[in-house]
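Student: A single structure is presented below for examination.
Number of protein chains: 2
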Amino acid sequence: MNDEIVVLAFDIFGTTVDWHTGVARQVDEIATRQGVRLDAEAFADAWRDRYLPSMRRVNDGERDWAYLDTLHRESLDDLLETQQLGDLFDEEARRQLVLAWHRLPAWPDAVEGLTRLRRRYVLAALSNGGFALITHLVKAANLPFDCVLSAELARAYKPDPRPYRTAVALLDVLPERVLMVAAHAWDLDGARDAGLRTAFLERPQEKGPHRAADRAADATSDLSVTGFVELAEALGC
Amino acid sequence: MNDEIVVLAFDIFGTTVDWHTGVARQVDEIATRQGVRLDAEAFADAWRDRYLPSMRRVNDGERDWAYLDTLHRESLDDLLETQQLGDLFDEEARRQLVLAWHRLPAWPDAVEGLTRLRRRYVLAALSNGGFALITHLVKAANLPFDCVLSAELARAYKPDPRPYRTAVALLDVLPERVLMVAAHAWDLDGARDAGLRTAFLERPQEKGPHRAADRAADATSDLSVTGFVELAEALGC
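Spelled out as structure tokens, the structure:
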């Protein structure tokens, strides 16, 4: 496979960065500033649980295109209402919470693996996060990508085939020359439907210590690795 | 101005990389392989002379969107025909010539200046080159941009306001927070019309030793510098 692939496209939330730890930490800081006590990890999980349904409504045409910051804000407002915390988080605190998704820690093996892979392949971030969000996140975490791609460029969310096809078209390659790397079976299923090759990258802590992440056995893929350095080695870097 | 700017958008051909030297060198190599003797610098100049008119036809709606590789190929075919060289360059040689624009040398001060500027600002490549072309070029020249933007994302060419506005929208900033940096007065005029701030970066050798490049006196801009390091110093980096 190695000789045919020219582009590696990486999912970001959960695959390249640790959203669970990063969002929970910032929720905790912002809540503390507001004088609110809450279980920040459970809050981050409940917020993330609204992620796939909110994007599905866009992909299904139930609503017009809205970028991820807007979906995050709407699901935050809903979550605060549901948890009867609405009065405790003002506009500024809510804006800061939404921006928590712009600044998340890379998994410890990501920079080393990407640095090695970049010598041989074009590395693209291919995320459901907005273009600005991913640009900020990649910069803050020093992730050595060659370019940022975003579902925003296709105005449709993964796993809809449109964002994968837009990435392939912009990079001017055949779809089978692109390897989608993700920790989620649903992302790889979408990539395969669009003609891309797929690599499952296992991130057992992706949803924190209390909830189960996708495992290799759950995913159908051309390649399966347990981390970024193993991916570099599997691809001859 | 420094405190208001958050994004620096850089023109690429002529401003960040030396297209004249890079294209002429590759034209010379490919022509030599084909057994053709020609003046490679004059050929590169004549090819580049067809650049602005070819983009204007797209912006004016005289033809559908076509990315820069297509325009380069069409103007190459036209140039070879005009110079009665058509029989001497086969399909493969023409493909290689078009790809010459994907691999061009950075100006000697570009990497140092960009590296300093990147500590404080988001750095975007904002070029009329296609998304794949600019991704390849930035990677090959080790230019430390945070993201690649391209006229292709707006399906319109600078100086039309659409590519500048698309860049501003994708980066989710106010236009006046973006500083467009270019060696061409026409690019800065387009950026200003779209509400961006402007910096003229002088590249006197941009068109080679025999033709005059734009000079500071020709351009209207908020800031004028003679190089990337001076730009970094002017912006406090």
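Chains as they are written, first to last, in the numbering used here: chain A, 2 to 238; chain B, 2 to 238.
Glycine included, each C-beta is placed from N, C-alpha and C at the ideal position.
1. Can you round the beta-carbon distance between ILE135 (chain A) and ILE6 (chain A) to whole angstroms, since I take them to be within the 8 Å contact cut?
2. In three-state DSSP terms, what is LEU124 (chain B)?
3. Should GLY130 (chain B) be labelled buried (16 or more other beta-carbon atoms within 10 Å of its own) or exposed?
4. Mind the definition here: the region 171 to 191 of chain B touches the region 166 to 176 of chain A only if three or more C-beta pairs lie below 8 Å; say whether that holds.
5. Leaving aside the five residues before and after PHE132 (chain A) along the sequence, list all residues of the same chain whose C-beta is less than 6 Å from its C-beta, in chain order.
6. Please list the partners that VAL123 (chain A) has in chain E, where partner means a Cβ-to-Cβ separation under 7 Å.
7. If you compare alpha carbons, which of A:GLY15, A:LYS159, A:ALA41 and A:PRO176 is closest to ARG216 (chain A)?
8. Nearest to LEU105 (chain B) by CA position, among B:GLU93, B:ALA142, B:GLU82 and B:SER128, is which residue?
9. For SER55 (chain B), which of B:HIS73, B:ASP46 and B:PHE44 has the nearest alpha-carbon?
10. Taking only beta carbons into account, state which residues of the region 165 to 188 of chain B come closer than 9 Å to chain A, listed in chain order.
11. Please classify THR17 (chain B): is it buried, with 16 or more other beta-carbons within 10 angstroms of its beta-carbon, or exposed?
12. Mind listing the chain A neighbours of ALA133 (chain B)? Cutoff is C-beta to C-beta under 7 Å, in chain order.
13. Quick one: is GLY114 (chain B) buried, meaning 16 or more other Cβ sit within 10 Å of its Cβ, or exposed?
14. If you compare alpha carbons, which of B:ALA214, B:LYS140 and B:ALA184 is closest to LEU118 (chain A)?
15. With a threshold of 16 other CB atoms inside 10 Å of the CB of HIS211 (chain A), please say whether the residue is buried or exposed.
16. Could you list which residues in chain A have their beta carbon closer than 7 Å to that of VAL149 (chain B), in chain order?
17. Rounded C-beta distance between ASP19 (chain B) and TRP108 (chain B)? I'm assuming under 8 Å.
18. Helix, strand or coil: how does DSSP classify LEU98 (chain B) here?
19. Is it true that the CB of ALA45 (chain A) sits closer than 8 Å to the CB of ALA32 (chain A)?
20. Strictly below 7 Å CB to CB, what residues from chain A border LEU154 (chain B)?
21. Going by DSSP, what residue range makes up the alpha helix (DSSP H) through VAL139 (chain B)?
22. Would you report the Cα separation of LEU144 (chain B) and ALA235 (chain B), rounded to the nearest angstrom?
23. Find the nearest neighbour of GLU82 (chain A) within the set A:TRP102, A:LEU53 and A:TRP48, judged by alpha-carbon distance.
24. How long is the line joining the alpha carbons of GLY87 (chain B) and ASP70 (chain B), rounded to whole angstroms?
25. According to the neighbour-count rule (16 or more other Cβ atoms, all chains shown, within 10 Å of its Cβ), is GLU92 (chain A) buried or exposed?
26. Could you tell me whether the Cβ atoms of MET2 (chain B) and ASP223 (chain B) are closer together than 8 Å?
27. With a threshold of 16 other CB atoms inside 10 Å of the CB of THR199 (chain A), please say whether the residue is buried or exposed.
28. Considering only residues of the region 186 to 218 of chain B, which uninterrupted alpha helix (DSSP H) runs meet the minimum length of 4 residues and lie entirely inside it, listed in chain order?
Tutor: Let's see:
1. As a first step, residue 135 (chain A) must be located in the first sequence, where it is residue number 134. As a first step, residue 6 (chain A) must be located in the first sequence, where it is residue number 5. Actually they are not in contact, since the Cβ atoms of ILE135 (chain A) and ILE6 (chain A) sit about 22 Å apart, beyond 8 Å.
2. Start at 1 with the first residue of the second sequence, and residue 124 (chain B) comes out as number 123. Three-state result, LEU124 (chain B): strand.
3. By 1-based counting over the second sequence, the position of residue 130 (chain B) is 129. Buried, because 16 or more other Cβ atoms sit within 10 Å of the Cβ of GLY130 (chain B).
4. no
5. On the first sequence, residue 132 (chain A) is found 131 positions in, with the first residue counted as 1. Only SER151 and GLU153 meet the Cβ criterion.
6. Judged by its chain identifiers, the structure shown contains no chain E, and its protein chains are A and B.
7. Working through the first sequence from its first residue, we reach residue 216 (chain A) at position 215. The shortest Cα separation from ARG216 (chain A) among A:GLY15, A:LYS159, A:ALA41 and A:PRO176 belongs to A:GLY15.
8. Looking up residue 105 (chain B) in the second sequence gives position 104. Checking every option, the nearest Cα to that of LEU105 (chain B) belongs to B:ALA142.
9. Here the question's residue 55 (chain B) lines up with position 54 in the second sequence. Answer by Cα proximity: B:HIS73.
10. ALA170, LEU171, LEU172, ASP173 and VAL174
11. On the second sequence, residue 17 (chain B) is found 16 positions in, with the first residue counted as 1. Flag for THR17 (chain B) reads buried.
12. Position 132 of the second sequence, counted from the start, is the residue given in the question as residue 133 (chain B). The contacting residues are LEU171, LEU172 and ASP173.
13. Taking the second sequence and counting its residues from 1, the one referred to as residue 114 (chain B) is at position 113. Its Cβ being crowded by 16 or more others within 10 Å, GLY114 (chain B) is buried.
14. The residue you call residue 118 (chain A) lines up with position 117 of the first sequence. Ranking the options by Cα distance to LEU118 (chain A), first place goes to B:LYS140.
15. Taking the first residue of the first sequence as position 1, residue 211 (chain A) is located at position 210. Answer is exposed; the Cβ neighbour count stays below 16.
16. The residue given as residue 149 (chain B) occupies position 148 in the second sequence. The answer, in chain order, is CYS148.
17. Indexing the second sequence from 1 puts residue 19 (chain B) at position 18. Indexing the second sequence from 1 puts residue 108 (chain B) at position 107. That belief holds up - the Cβ atoms of ASP19 (chain B) and TRP108 (chain B) are roughly 6 Å apart, short of 8 Å.
18. Along the second sequence, one-based indexing puts residue 98 (chain B) at 97. It is helical.
19. Sequence index remark: in the first sequence, residue 32 (chain A) carries index 31 (1-based). Sequence index remark: in the first sequence, residue 45 (chain A) carries index 44 (1-based). Not a contact, by the Cβ cut-off of 8 Å.
20. As a first step, residue 154 (chain B) is located in the second sequence; it is residue number 153 there, counting from the start. Per Cβ cutoff of 7 Å: LEU154.
21. On the second sequence, residue 139 (chain B) is found 138 positions in, with the first residue counted as 1. Here the alpha helix (DSSP H) through VAL139 (chain B) covers 132 to 141.
22. If you number the second sequence from 1, residue 144 (chain B) lands on position 143. If you number the second sequence from 1, residue 235 (chain B) lands on position 234. About 20 Å.
23. As a first step, residue 82 (chain A) must be located in the first sequence, where it is residue number 81. Measuring from the Cα of GLU82 (chain A), the nearest candidate turns out to be A:TRP48.
24. The sequence position of residue 87 (chain B) within the second sequence is 86, counting from 1. The sequence position of residue 70 (chain B) within the second sequence is 69, counting from 1. So the two alpha carbons sit approximately 19 Å from each other.
25. By one-based count along the first sequence, residue 92 (chain A) stands at place 91. Exposed: under 16 other Cβ atoms inside 10 Å.
26. For this step, residue 2 (chain B) is matched to residue 1 along the second sequence. For this step, residue 223 (chain B) is matched to residue 222 along the second sequence. Yes, the pair counts as a contact, with Cβ atoms nearer than the cut-off.
27. The residue you call residue 199 (chain A) lines up with position 198 of the first sequence. Buried, by the Cβ-count rule.
28. 186 to 194
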